[in-house]
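Visitor: In the working numbering, the protein residues as written are 415 to 503. Don't be surprised by glycine CBs; every beta carbon is placed ideally from N, CA and C. All of these numbers come straight from a predicted model, not from anything done at the bench. The structure that follows is given in the form of structure tokens.
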């Protein structure tokens with residue numbers, strides 16, 4: 415019996431993320447373009463980039479509920495929690 419094709423989340427375009435790759439002794443920004451969908455937060459997009467384009471990308475996170483602060487990062491020039499920052503903010 416044929417199975418229906420796997421449904422992928424509906425995409426609503428693409429966004430580019432500039433991610434620092436390196437350490438305090440040196441590094442550079444790398445741009446990653448990835449599909450985005452309604453309701454995504456920055457951490458979702460970073461995990462998607464990690465899974466699809468940069469499996470060696472390290473990202474700190476723990477609770478994904480805005481409680482622990484592990485996923486704090488500079489987002490569009492301001493300190494934010496990646497798990498709480500929607501892509502449309």
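Just verifying my parser: in three-state terms, what is the DSSP assignment at residue 471?
Guide: Taking the chain shown and counting its residues from 1, one reaches residue 471 at position 57. Correct three-state label for residue 471: coil.
Visitor: Are three or more beta carbon pairs between the region 443-451 and the region 472-479 nearer than 8 Å?
Guide: No, they do not touch.
Visitor: So the candidates are 452, 457, 498, 426; which of them puts its Cα closest to the Cα of residue 433?
Guide: Here residue 433 corresponds to residue number 19 of the chain shown, with the count starting at 1. It is 457 whose Cα lies nearest to the Cα of residue 433.
Visitor: To which residues of the same chain is residue 462 closer than 8 Å at the C-beta, ignoring the five residues directly before and after it?
Guide: The sequence position of residue 462 within the chain shown is 48, counting from 1. Answer for residue 462: 448, 449, listed in chain order.
Visitor: Report the rounded CA-to-CA distance for residue 482 versus residue 494, giving the unit in angstroms.
Guide: Working through the chain shown from its first residue, we reach residue 482 at position 68. Working through the chain shown from its first residue, we reach residue 494 at position 80. If you take the alpha carbons of residue 482 and residue 494, they lie about 12 Å apart.
Visitor: With a threshold of 6 Å on Cβ separation, who are the neighbours of residue 438 within its own chain once the five nearest residues in sequence on each side are excluded?
Guide: Counted from its first residue, the chain shown places residue 438 at position 24. Closer than 6 Å at Cβ, skipping near neighbours: no residue.
Visitor: Tell me whether residue 479 is buried or exposed, calling it buried when 16 or more other Cβ atoms sit within 10 Å of its Cβ.
Guide: As a working note, residue 479 is residue 65 in the chain shown. Answer is exposed; the Cβ neighbour count stays below 16.
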